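Accompanying notes for the structure given below.
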Amino acid sequence: MEGAGALETNEMLSVTLAEKTKTLNRRRGSYKAKITKLQSFLKDKASNAEQLLLQSKLDKVSEMYSSMEALKIEYYEVVEDEQLPNLELILEEMEDDLEEIKVGLQTLLLKHDDISKNVSICNTALSNNGLRNLIGVINKNLRGLKLMDLETNELTHQFLINIIIRKLDIESRKLYEISLTSTELPKWEMFLEFLQNRTQILENLHGVQGPPLKLKTPFLSKGKSFIVKSNNNNNCLLCKTSHRLYDCTLFLKMNPLQRFNLIKKHGLCINCLNNNHKVALCKSKYTCRLCRGKHNYLLCRSENGQSDTEGSSSNTLFTQPAPSVSNNGGVINNPTEPQTVQTFSSLNQ
157 MEGAGALETN
167 EMLSVTLAEK
177 TKTLNRRRGS
187 YKAKITKLQS
197 FLKDKASNAE
207 QLLLQSKLDK
217 VSEMYSSMEA
227 LKIEYYEVVE
237 DEQLPNLELI
247 LEEMEDDLEE
257 IKVGLQTLLL
267 KHDDISKNVS
277 ICNTALSNNG
287 LRNLIGVINK
297 NLRGLKLMDL
307 ETNELTHQFL
317 INIIIRKLDI
327 ESRKLYEISL
337 TSTELPKWEM
347 FLEFLQNRTQ
357 ILENLHGVQG
367 PPLKLKTPFL
377 SKGKSFIVKS
387 NNNNNCLLCK
397 TSHRLYDCTL
407 FLKMNPLQRF
417 NLIKKHGLCI
427 NCLNNNHKVA
437 LCKSKYTCRL
447 CRGKHNYLLC
457 RSENGQSDTE
467 GSSSNTLFTQ
477 PAPSVSNNGG
487 VINNPTEPQT
497 VQTFSSLNQ
């Protein structure tokens, strides 16, 4: 009887182990199916997936690692020793597949992080002051082109627009595309107007105030310009509108002698054209491009360091009657005032 009982017990134990092994095999098959599905996702869909979905898949991989460890421990409790090598080989292959999936998902997540950082930089770099600085660079380069007497056309305008758009943040680019109401090529004037309006909106939203923007259509006048420190008063003393004196069409149409006399009449610095100091106290780093003297290029009558008036030195200004401003903003000369000769060195007093 005892032998029969022991045999029955062994049979029951064998059945129990077999059933448990069968259950473990089903679990292993389920894990294998999940791994195969993750492999298909990584191969076909992961490259276009959102970051949250990729992170969710990576979390599932981590959960499966834990489940595989638990499965391995349970297998060791029920599987015969001779079956272990084959079983361990199968489990190791599954773990290797999981490792490859994990690395692939982590790589894609790193790319998403890099893209997010670039988008964040792009979205913030040109907000407020950044966009205003971009407009300042545009104006500076346009004035440089004007000094070289270079002409533009619609083709060059399109090149400029495309280059500048790449410097804008993504939101500004979207808004600009929305603002295009026709299929025709965008106009340069409309693009500059968009930049001005966009800057104003950003500053209003962020509570930032800056000086009025100086946006103008390039190459409309033949006058020359020079980049100098801005005047404290934003209104032009000639035409009373909101721009700097060196951007004024009336001022640019005057000859250097007329400009000099106008500057002296209103007590401005002959170097930066500001009204709060004399040239001796001027902190501007700019000097005349022609003679390197301490005066503004727009006031210089020298060429390559030589005066265009015989017998004069390179830093001397020969003045003529100072122009006065009429009621309608025009410039008129007063022939009754005597002519004077003045040097730059005497202006430092």
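Here my numbering is used: the first residue of the sequence shown is 157, the next is one more, and so on. Even for Gly, the Cβ is constructed at its ideal location relative to N, Cα and C. All values reported here derive from a predicted model rather than from experimental measurement.
Per DSSP, reduced to three states, the secondary structure at Asn204 is helical.
Counting the other CB atoms within 10 Å of its CB gives Tyr453 a total of 16 or more, which places it among the buried residues. If the five residues before and after Ile419 are omitted, its C-beta is found closer than 6 Å to the C-beta atoms of Ile426, all from its own chain and listed in chain order. As computed with DSSP, Asn391 is found in a beta bridge with Ser398. Distance from the CA of Tyr332 to the CA of Phe350, rounded to the nearest whole angstrom, comes to 7 Å. By the Cβ rule, the region 251 to 259 counts as touching the region 190 to 199, because three or more pairs are nearer than 8 Å.
One thing to note: His422 has its Cβ within 8 Å of the Cβ of Leu393. Contact between Ser338 and Arg354 fails: their C-beta atoms lie close to 20 Å from each other, not under 8 Å. Secondary structure note for Glu310: its alpha helix (DSSP H) is the uninterrupted segment 310 to 321. Of all alpha-carbon atoms in Asn309, Gly185, Lys343, Tyr231, the one lying nearest the alpha-carbon of Met250 is that of Gly185.
A Cβ-Cβ separation of about 6 Å places Leu180 in contact with Glu230 under the 8 Å criterion. Secondary structure at Val293: helix, using DSSP grouped into helix, strand and coil.
CA-to-CA, the gap between Leu316 and Pro342 works out to about 11 Å. Leu214 and Asn242 have their C-alpha atoms some 28 Å from each other.
The beta carbon of Glu219 sits closer than 7 Å to none of the beta carbons in its chain outside the five residues before and after it. Contact between Leu290 and Lys323 holds: their C-beta atoms lie close to 6 Å from each other, under 8 Å. Here Val217 is buried. Its C-beta has 16 or more other C-beta atoms within 10 Å. When the beta-carbon positions are compared, Leu358 and Leu261 stay at least 8 Å from each other. Excluding five sequence positions before and after Leu401, the CB atoms of its chain that fall closer than 8 Å to its own CB belong to Asn387, Cys392, Leu393, Leu394, Phe407, Leu424, Leu429, given in chain order. Judged by DSSP secondary structure, Glu327 falls within the alpha helix (DSSP H) whose first and last residues are 326 to 335. The Cβ atoms of Gly449 and Cys438 do not sit closer than 8 Å to each other.
As the crow flies, the alpha-carbon of Arg445 is around 19 Å from that of Asn295. Cα atoms of Glu225 and Lys178: separation of roughly 18 Å, rounded to the nearest angstrom.
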